[in-house]
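Undergrad: Numbering (full-length UniProt numbering), first residue to last: 1 to 267.
#1: Can you say whether residue 26 is buried or exposed, counting buried as having 16 or more other CB atoms within 10 angstroms of its CB?
#2: According to DSSP, what are the bridge partners of residue 48?
#3: Grab the span of the alpha helix (DSSP H) containing residue 34 for me, first residue to last.
#4: Suppose the cutoff is 6 angstroms on Cβ atoms and the five residues either side in sequence are ignored; what does the same chain contact list for residue 268 look like?
#5: Measure from the alpha carbon of residue 17 to the alpha carbon of each residue in 137, 152, 82, 88, then state which is nearest.
#6: Kindly identify the DSSP beta-bridge partner or partners of residue 84.
#7: I'd like to confirm the pairing. Which residues does DSSP put opposite residue 63 in its beta bridges?
#8: So, is residue 219 buried or exposed, given that buried needs 16 or more other C-beta atoms within 10 angstroms?
#9: Once you ignore the five residues that flank residue 271 on each side, which residues in its own chain have a CB closer than 8 angstroms to its CB?
#10: Using the C-alpha atoms, what's the distance from residue 63 back to residue 21?
#11: Determine the extent of the alpha helix (DSSP H) in which residue 128 is found, giving its start and end residues.
#12: Under 7 angstroms Cβ to Cβ from residue 225, same chain only, skipping five residues before and after it: list those, please.
#13: Assuming residue 154 is part of the alpha helix (DSSP H), what are its boundary residues?
#14: At which residues does the beta strand (DSSP E) containing residue 237 begin and terminate?
#15: The beta strand (DSSP E) that contains residue 276, what's its start and end?
#16: Which of the three DSSP states, helix, strand or coil, is assigned to residue 213?
#17: Kindly indicate which three-state DSSP category residue 14 falls into: helix, strand or coil?
#18: DSSP three-state call for residue 77: helix, strand or coil?
#19: Can you check DSSP and say which residues form a bridge with residue 256?
#20: Would you call residue 136 buried or exposed, if buried means 16 or more other Cβ atoms sit within 10 Å of its Cβ?
#21: Count the other CB atoms within 10 Å of the CB of residue 53; is the residue buried (16 or more) or exposed (fewer)?
#22: Would you decide whether residue 240 is buried or exposed? Buried here means 16 or more other CB atoms lie within 10 Å of its CB.
#23: Go through its chain and collect everything with a Cβ distance to residue 255's Cβ below 7 angstroms, but skip five positions before and after it.
#24: So the alpha helix (DSSP H) residue 149 belongs to, where does it begin and stop?
#25: For the structure I just gave you, are there three or more beta carbon pairs, one from the stretch 228–244 and one from the stretch 116–128, closer than 8 angstroms?
#26: Return the CA-CA distance between residue 208 and residue 214, expressed in angstroms with no decimal places.
#27: Which residues bound the beta strand (DSSP E) around residue 190?
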């Protein structure tokens, strides 16, 4: 990765499994970026209502005003509604439950939020070059469409595909890298689920998405990718960890990005 790499985009997902929102800056907390995955939607059994388990959640549109702590929701057959994330949680859960057809709750009690990876729960990282390359594998999927399918937090301004694969190495080690004043640690390539194969607006599955991805990922794998993480090739994006000394640091669009040394996990 060259010395001129910068942070091109920050996207947070305040409610797990709903739409993200781009921000100019985000502060790092113990669970990752604030307010990424601050809230989660649960069913009556306490299970996540997310894209892995509930295809219909893709059809819910969410627009956030983070300063005002508001979210506007829209879905087919529902009246558009705006809710305060702190004061209207029960009403928002009722709206979502009416659309989904079963009772849900909106929770925000867990310190550090509800990250997808509970061990490497720092911000996820991808590059602009990777998004462009992977979008080119599929007819009808734009770069923004691929961005919405993959749901990364940090996007690096690197035209070279898979440059972010330099941010992990073998199991048992982590790659340090600095974004602005914050030091993060790259852990592993993210193991993908069914979500990227689905249209982010409708939930409709793209035929042969996974098979095409695996074929092309294997064929385009750079020499710096790998380590011993690729037990299969349906992996893309980097999961990170947040050292304690990074808590409270702020990431900003335009921050320089520098790859540091590899360290043993847990150091």
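Every residue, glycine too, gets a C-beta built ideally from N, C-alpha and C.
TA: A quick look at the data gives this:
#1: To locate residue 26, count along the chain shown from 1; it is residue 26. For residue 26, the number of other beta carbons within 10 angstroms of its own is at least 16, and it is reported as buried.
#2: Your numbering for residue 48 matches position 48 in the chain shown. DSSP, once it has assigned bridges, lists 42 as partnering residue 48.
#3: The residue labelled residue 34 in the question sits at position 34 within the chain shown. Run containing residue 34: none in the alpha helix (DSSP H); it sits in the beta strand (DSSP E), 32–34.
#4: The structure shown has nothing for residue 268, since the chain only spans 1 to 267.
#5: As a first step, residue 17 must be located in the chain shown, where it is residue number 17. Closest by alpha carbon: 152.
#6: Locating residue 84 in the chain shown gives position 84, where the first residue counts as 1. For residue 84, DSSP records a beta bridge to 70.
#7: Along the chain shown, one-based indexing puts residue 63 at 63. In the DSSP assignment, residue 63 is bridged to 72.
#8: The residue you call residue 219 lines up with position 219 of the chain shown. Exposed, because fewer than 16 other Cβ atoms sit within 10 Å of the Cβ of residue 219.
#9: Because the chain is modelled from 1 through 267, residue 271 falls outside the range shown and cannot be assessed.
#10: As a working mapping, residue 21 is identified with position 21 in the chain shown. As a working mapping, residue 63 is identified with position 63 in the chain shown. Cα atoms of residue 21 and residue 63: separation of roughly 7 angstroms, rounded to the nearest angstrom.
#11: In the chain shown, residue 128 corresponds to position 128, counting from 1. For residue 128, the uninterrupted alpha helix (DSSP H) run begins and ends at 128–135, by DSSP.
#12: Within the chain shown, residue 225 is the residue found at index 225, counting from 1. Result list for residue 225: 162, 165, in chain order.
#13: Against the chain shown, residue 154 aligns to sequence position 154. Segment 154–156 is the beta strand (DSSP E) holding residue 154; no alpha helix (DSSP H) there.
#14: Against the chain shown, residue 237 aligns to sequence position 237. Element bounds for residue 237: 235–241.
#15: What the structure shows of the chain is the stretch from 1 to 267, and residue 276 is not part of that stretch, so it cannot be assessed.
#16: As a first step, residue 213 must be located in the chain shown, where it is residue number 213. Helix, per DSSP.
#17: If you number the chain shown from 1, residue 14 lands on position 14. In the structure shown, residue 14 sits in coil (DSSP, three-state: anything other than H, G, I, E or B).
#18: For the purposes of this step, residue 77 is taken as residue 77 along the chain shown, with counting starting at 1. Of the three classes helix, strand and coil, the one that applies to residue 77 here is coil, per DSSP.
#19: For the purposes of this step, residue 256 is taken as residue 256 along the chain shown, with counting starting at 1. DSSP lists 6 as partners of residue 256.
#20: Position 136 of the chain shown holds residue 136. Flag for residue 136 reads exposed.
#21: To locate residue 53, count along the chain shown from 1; it is residue 53. Residue 53 counts as exposed, since fewer than 16 other beta carbons sit within 10 angstroms of its beta carbon.
#22: Position 240 of the chain shown, counting from 1, holds the residue named residue 240. The residue in question, residue 240, is buried, as its Cβ has 16 or more Cβ neighbours within 10 Å.
#23: As a first step, residue 255 is located in the chain shown; it is residue number 255 there, counting from the start. The beta carbon of residue 255 sits closer than 7 angstroms to those of 6, 7, 179, 180, all from its chain and outside the five residues before and after it, given in chain order.
#24: Counting from one through the chain shown, the residue named residue 149 turns up at place 149. Segment 143–150, the alpha helix (DSSP H) holding residue 149.
#25: Counting Cβ pairs under 8 angstroms, three or more are found: they touch.
#26: Mapped onto the chain shown, residue 208 falls at position 208. Mapped onto the chain shown, residue 214 falls at position 214. Residue 208 and residue 214 have their C-alpha atoms spaced approximately 10 angstroms apart.
#27: Residue 190 sits at position 190 when you count from the first residue of the chain shown. DSSP places residue 190 inside the beta strand (DSSP E), whose first and last residues are 182–191.
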